[in-house]
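> Submitted below is the structure of interest, expressed as structure tokens.
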Amino acid sequence: GKYLKRSIALTEQLRENAASKELRSSFLDSVHDRYETYVEWLMQRHAAQPDKGFDIAAFEASEQGRARSLLDSLKDYQRELRHAADPSLLVEEEKVQKEEQELLDKLAKLRSEGGASEEGKKVEYDLMQVRAQNETLQAQINSTARFNDLMRPVPLKFEEIRRQVTNAETSLLEYSLGSQKSYLWVITPEGFASYELAGKDTIKQAASKLIKLLSTPQIGAAQEAELQAAITEVSRLLLGPVADKLHSHRLIIVADGILQYIPFHVLKLAPGTDDLGTNFEIVNEPSASALALVQQDAANRPAASKLLAAFGAPVFPSNYASKAPATNRGQTDERQVNDDEQQQLQRDPVDKLEDNINPNKLQPLFFAKQELNELRKLASADDPIIYSGFDATRDNLRNLDLSQYRILHFATHGLLNSKQPELSGLVLSLVDREGQPVSGFVGLSDIYNLRARVDLVVLSACSTALGQEARGEGLIGLTRGFMYAGASTVVATLWKVNDKATTELMKRFYSNLLQRGMTPAEALRAAQNSIRQEPQWRSPYYWAAFTLQGEYRQIIKSTPAVVKPTYSKIIVGGTLFALLAGVAWGYRRRRRHGRRTVQERSGDYSTMKK
27 GKYLKRSIAL
37 TEQLRENAAS
47 KELRSSFLDS
57 VHDRYETYVE
67 WLMQRHAAQP
77 DKGFDIAAFE
87 ASEQGRARSL
97 LDSLKDYQRE
107 LRHAADPSLL
117 VEEEKVQKEE
127 QELLDKLAKL
137 RSEGGASEEG
147 KKVEYDLMQV
157 RAQNETLQAQ
167 INSTARFNDL
177 MRPVPLKFEE
187 IRRQVTNAET
197 SLLEYSLGSQ
207 KSYLWVITPE
217 GFASYELAGK
227 DTIKQAASKL
237 IKLLSTPQIG
247 AAQEAELQAA
257 ITEVSRLLLG
267 PVADKLHSHR
277 LIIVADGILQ
287 YIPFHVLKLA
297 PGTDDLGTNF
307 EIVNEPSASA
317 LALVQQDAAN
327 RPAASKLLAA
337 FGAPVFPSNY
347 ASKAPATNRG
357 QTDERQVNDD
367 EQQQLQRDPV
377 DKLEDNINPN
387 KLQPLFFAKQ
397 ELNELRKLAS
407 ADDPIIYSGF
417 DATRDNLRNL
427 DLSQYRILHF
437 ATHGLLNSKQ
447 PELSGLVLSL
457 VDREGQPVSG
467 FVGLSDIYNL
477 RARVDLVVLS
487 ACSTALGQEA
497 RGEGLIGLTR
507 GFMYAGASTV
517 VATLWKVNDK
527 ATTELMKRFY
537 SNLLQRGMTP
547 AEALRAAQNS
557 IRQEPQWRSP
567 YYWAAFTLQG
577 EYRQIIKSTP
587 AVVKPTYSKI
597 IVGGTLFALL
607 AGVAWGYRRR
617 RRHGRRTVQE
627 RSGDYSTMKK
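Start counting the sequence shown at 27; every next residue gets the next number (the working numbering).
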């Protein structure tokens, strides 16, 4: 135990000395088994001496090995806080980063077009050289830079997490998968409990089966029964020991390994009962410490002046002819699709996510435009900015001052490359109005470099919650990229989602969020529970892919719409007002005339009597 503890301490020191966040992340991935071994040793001690607090120490060791690069980013350890002794280093850094992005774009294009492997290898070599140059610059800048906070953030201890993360409505469940045994720690405001689970291989086998079944719609009783059996088995493995101990309204899930691919809201506390999403609000986090920092940053962030910026329904070579200006249109053989065909459309252009992506195979999203129109209606009083069609470009995204907005929304294709996460991204318009190709791929490096300090990012696209798994760091992908860029909350997907169902889900989500004053987590849960009541979307495939990570407590309401009178209404209203005024004037005139007549008659009568 003493040697394991010393090994962890040395690991932390070596990590601190790494020149860049990429090196720190890769280093942590390579030595993460040290943390796992230490956790297992502490839990073995806890089994022998359950009253000595070894389980709390194991939980703290697990937190110490999680999402450390993300913690660095969330603590404002960013470029805008640096002031290098030699400013030219920052200029050179920007130049090298631009060169790196150009090489990434070139590599993505070569992959999509099936270019020669020799040329691809040369680009990869050049990319490696540029990255090495960038890391050297980072080390030079960091060695002479001044920071507002010189200390990198450290993971929180148990008592800090209990006070800052949990409350009467919120419990924390954190998992650690081990080769022989896995562990679950549950923290509530009242205390702490730990549980032993099955080994990693057993859990992985059951989880893999469930993930595969969830990613396709269930048709028929046999497939439905198979799915329910898989849900029951995973629920038993992950929630069995705590099935009768979860009484809060909200569950924060810190998953590990393959558990990051599971939507916990479909699991059940017992066979035959409602799933978790029916009775609990589910929030996913890379670590409890990361959540505490996100909440702290969100609380101290000045409110943005505008509500919503959205990008979607982009133009691809496949639908250019139908979108082009009339003078540029040629003949098109693009076929019309009926409702049954539209039901099968997915926000993903290919069957295998690992395959090279050919932009010419990207198909238009028939319901993305409708989704953006619904957003425009719901946020109309706040003057949203919505880029669609030819305007949904990578350049418009990069040039937009996102600090002015609270919400950033994307309705487009999402591409995942789990082997090379830098080639994952979102696809915006790939051709301009003249039919010329433009760079529309928004890769992970683009996202890292956005200043997207927004309250909420919604990735209404395929597999946006996934990425390359780095032990200790979690899934390195689009969700993590937007968190690095400054987003407080990210809504993303775990598999290829259906186009039409997604549009309807987003409509209900934003209605809950902007009009009913729900938090993002409440709004998503309510939308999912609502849409699953529709017979055609009852299968979890249609609604369960969407998950939420980050701050879950914020209220993002739209300004109530003010009904503006039209000219016709003004004319009619003015005419009615004039008529009513005329009637009132005539009535008052008749009354005055009547009083004078009575007075005159009364005077004549008195004179006659005398």
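Glycine residues also receive a C-beta, built at the ideal position from the N, C-alpha and C atoms.
Measure the alpha-carbon distance for Leu-203 versus Gln-286 and round it to whole angstroms.
Taking the first residue of the sequence shown as 1, we reach residue 203 at position 177. Taking the first residue of the sequence shown as 1, we reach residue 286 at position 260. Approximately 12 Å between the Cα atoms of the pair.
> Report buried or exposed for Arg-432, applying the criterion of at least 16 other Cβ atoms within 10 angstroms of its Cβ.
For the purposes of this step, residue 432 is identified with residue 406 of the sequence shown, where counting begins at 1. Looking at its Cβ environment, which holds 16 or more other Cβ atoms inside 10 Å, Arg-432 is buried.
> By how many angstroms is the C-alpha of Ser-471 removed from the C-alpha of Lys-230?
As a first step, residue 230 must be located in the sequence shown, where it is residue number 204. As a first step, residue 471 must be located in the sequence shown, where it is residue number 445. So the two alpha carbons sit approximately 31 Å from each other.
> Output the distance between the C-alpha atoms of Arg-343 and Ile-279, rounded to the nearest integer angstrom.
Reading the sequence shown from its first residue, position 317 is the one you call residue 343. Reading the sequence shown from its first residue, position 253 is the one you call residue 279. It is worth fixing the name first, because residue 343 is Pro in this sequence and not Arg. If you take the alpha carbons of Pro-343 and Ile-279, they lie about 41 Å apart.
> Since I believe Leu-504 is in contact with Val-453 (beta carbons under 8 Å), could you give me their beta-carbon distance rounded to a whole number of angstroms?
Residue mapping note: residue 453 aligns to position 427 of the sequence shown, counting from 1. Residue mapping note: residue 504 aligns to position 478 of the sequence shown, counting from 1. Contact doesn't hold; Cβ gap of about 12 Å is too wide.
> Using only CA atoms, which one of Glu-150, Arg-157, Ser-88, Ser-584 lies nearest to Lys-121?
Counting from one through the sequence shown, the residue named residue 121 turns up at place 95. The candidate whose alpha carbon is nearest that of Lys-121 is Arg-157.
> Under the three-state reduction of DSSP, which class applies to Asn-422: helix, strand or coil?
To locate residue 422, count along the sequence shown from 1; it is residue 396. Three-state DSSP puts Asn-422 in a helix.
> For a minimum of 4 consecutive residues, which ranges assigned as the alpha helix (DSSP H) are wholly contained in the stretch 203-272?
Counting only runs of 4 or more, we get 226-240, 247-265.
> Return the bridge partner residues of Lys-332 from the DSSP annotation.
What you label residue 332 is simply residue 306 of the sequence shown in a count that begins at 1. Tyr-431.
> Just mark Arg-558 as buried or exposed, buried being the case when its beta carbon has 16 or more other beta carbons within 10 Å.
Residue 558 sits at position 532 when you count from the first residue of the sequence shown. Classification of Arg-558: buried, given that the 10 Å Cβ count is 16 or more.
> So, for Ala-553: in the same chain, excluding its five sequence neighbours on each side, which residues have a beta-carbon less than 7 Å away from its beta-carbon?
Walking along the sequence shown from the start, residue 553 turns up at place 527. For Ala-553, where only same-chain residues beyond five positions count, the Cβ hits under 7 Å are Leu-531, Arg-534, Phe-535, Asn-538.
> To which residues of the same chain is Met-544 closer than 7 Å at the C-beta, ignoring the five residues directly before and after it?
Residue 544 sits at position 518 when you count from the first residue of the sequence shown. Only Asn-538, Ala-552 meet the Cβ criterion.
> From the DSSP output, read off the bridge partner residues of Tyr-201.
Taking the first residue of the sequence shown as 1, we reach residue 201 at position 175. BP columns for Tyr-201 point to Leu-210.
> Report the three-state DSSP secondary structure of Arg-637 (helix, strand or coil).
Because the chain here runs from 27 to 636, residue 637 falls outside it and cannot be looked at.
> Can you tell me whether Thr-228 is buried or exposed? The criterion is at least 16 other CB atoms within 10 Å of its CB, across all chains shown.
Position 202 of the sequence shown holds residue 228. When all chains shown are included, Thr-228 counts as exposed.
> Which residues in the same chain as Val-218 place their Cβ atom closer than 8 Å to its Cβ, once the five residues preceding and following it in sequence are excluded?
Residue mapping note: residue 218 aligns to position 192 of the sequence shown, counting from 1. The sequence shown places Phe at residue 218, rather than the Val named in the question. If we look at Phe-218 and ignore the five residues flanking it on each side, its Cβ neighbours are Asp-81, Ile-82, Phe-85, Phe-184, Arg-188, Trp-211, Val-212.
> Of the choices Gly-225, Gly-246, Glu-252, whose alpha-carbon is the least far from that of Ile-237?
Mapped onto the sequence shown, residue 237 falls at position 211. Nearest C-alpha to Ile-237: Glu-252.
> Should the stretch 447-462 be regarded as contacting the stretch 408-425, the criterion being three or more beta carbon pairs within less than 8 Å?
Touching, yes, given that three or more Cβ pairs across the two stretches are closer than 8 Å.
> Smallest Cα separation from Gln-90: which of Lys-78, Arg-60, Gly-79?
Sequence index remark: in the sequence shown, residue 90 carries index 64 (1-based). Cα-wise, what sits closest to Gln-90 is Arg-60.
> Since I believe Leu-317 is in contact with Leu-199 (beta carbons under 8 Å), could you give me their beta-carbon distance rounded to a whole number of angstroms?
Numbered from 1 along the sequence shown, position 173 holds the residue referred to as residue 199. Numbered from 1 along the sequence shown, position 291 holds the residue referred to as residue 317. Wrong, their Cβ atoms sit about 13 Å apart, outside the cutoff.
> Taking the Cβ atom as the reference point for each residue, do Leu-492 and Thr-573 lie within a distance shorter than 8 Å?
Within the sequence shown, residue 492 is the residue found at index 466, counting from 1. Within the sequence shown, residue 573 is the residue found at index 547, counting from 1. Their beta carbons are not under 8 Å apart, which means Leu-492 does not touch Thr-573 by this criterion.
> So what does DSSP say about Ala-518, is it helix, strand or coil?
Taking the sequence shown and counting its residues from 1, one reaches residue 518 at position 492. Note: Ala-518 maps to strand in three-state DSSP.
> State yes or no: is the C-beta of Ala-511 within less than 8 Å of the C-beta of Leu-485?
Numbered from 1 along the sequence shown, position 485 holds the residue referred to as residue 511. Numbered from 1 along the sequence shown, position 459 holds the residue referred to as residue 485. No, they are not a contact pair.
> Looking only at its own chain, which residues have a Cβ that is under 7 Å from the Cβ of Gly-507, when we skip the five neighbours before and after it?
Stepping through the sequence shown from its first residue, residue 507 is reached at position 481. Closer than 7 Å at Cβ, skipping near neighbours: Leu-470, Ile-473, Tyr-474.
> Quick one: what does DSSP say Leu-285 is sitting in, helix, strand or coil?
In the sequence shown, residue 285 corresponds to position 259, counting from 1. It is helical.
> Looking only at its own chain, which residues have a Cβ that is under 6 Å from the Cβ of Leu-442, when we skip the five neighbours before and after it?
For the purposes of this step, residue 442 is taken as the residue at position 416 of the sequence shown. Excluding positions up to five away in sequence, the list reads Leu-379, Ser-450, Ser-489, Leu-492.
> Would you mind sorting Met-69 into buried or exposed? The rule is 16 or more other CB atoms within 10 Å of its CB.
The count along the sequence shown starts at 1 and reaches residue 69 at position 43. With 16 or more Cβ atoms within 10 Å of its Cβ, Met-69 is classed as buried.
> How many Å lie between Asn-160 and Val-260 at the Cα?
Along the sequence shown, one-based indexing puts residue 160 at 134. Along the sequence shown, one-based indexing puts residue 260 at 234. C-alpha separation (whole angstroms): 44 Å.
> In whole angstroms, what separates the C-alpha of Val-483 from that of Glu-577?
Counted from its first residue, the sequence shown places residue 483 at position 457. Counted from its first residue, the sequence shown places residue 577 at position 551. C-alpha separation (whole angstroms): 11 Å.
> Are Leu-239 and Ala-256 touching if we call contact CB-CB under 8 Å?
In the sequence shown, residue 239 corresponds to position 213, counting from 1. In the sequence shown, residue 256 corresponds to position 230, counting from 1. The answer is yes: Cβ separation under 8 Å.
> Pull up the distance between the alpha-carbon of Ser-444 and that of Leu-133, whole angstroms please.
The residue given as residue 444 occupies position 418 in the sequence shown. The residue given as residue 133 occupies position 107 in the sequence shown. In a straight line, the C-alpha of Ser-444 is about 16 Å away from that of Leu-133.
> Sorted by chain position, which residues of the same chain lie with C-beta nearer than 7 Å to Gln-396's C-beta, five sequence neighbours on each side aside?
If you number the sequence shown from 1, residue 396 lands on position 370. Same-chain partners within the cutoff: Thr-529.
> DSSP three-state label for Leu-492, please.
Position 466 of the sequence shown holds residue 492. Looking at Leu-492 - three-state DSSP - the assignment turns out to be coil, as it is neither helix nor strand.
> Between the Cα of Glu-216 and the Cα atoms of Tyr-201, Lys-207, Asn-193, which residue gives the shortest distance?
By 1-based counting over the sequence shown, the position of residue 216 is 190. Out of Tyr-201, Lys-207, Asn-193, Asn-193 has the C-alpha closest to the C-alpha of Glu-216.
> Could you pull the start and end residues of the alpha helix (DSSP H) that Thr-573 belongs to?
If you number the sequence shown from 1, residue 573 lands on position 547. Segment 572-576 is the beta strand (DSSP E) holding Thr-573; no alpha helix (DSSP H) there.
> Give the straight-line distance between the Cα atoms of Gly-79 and Val-65, rounded to the nearest whole angstrom.
Numbered from 1 along the sequence shown, position 53 holds the residue referred to as residue 79. Numbered from 1 along the sequence shown, position 39 holds the residue referred to as residue 65. Whole-angstrom Cα-Cα distance: 13 Å.
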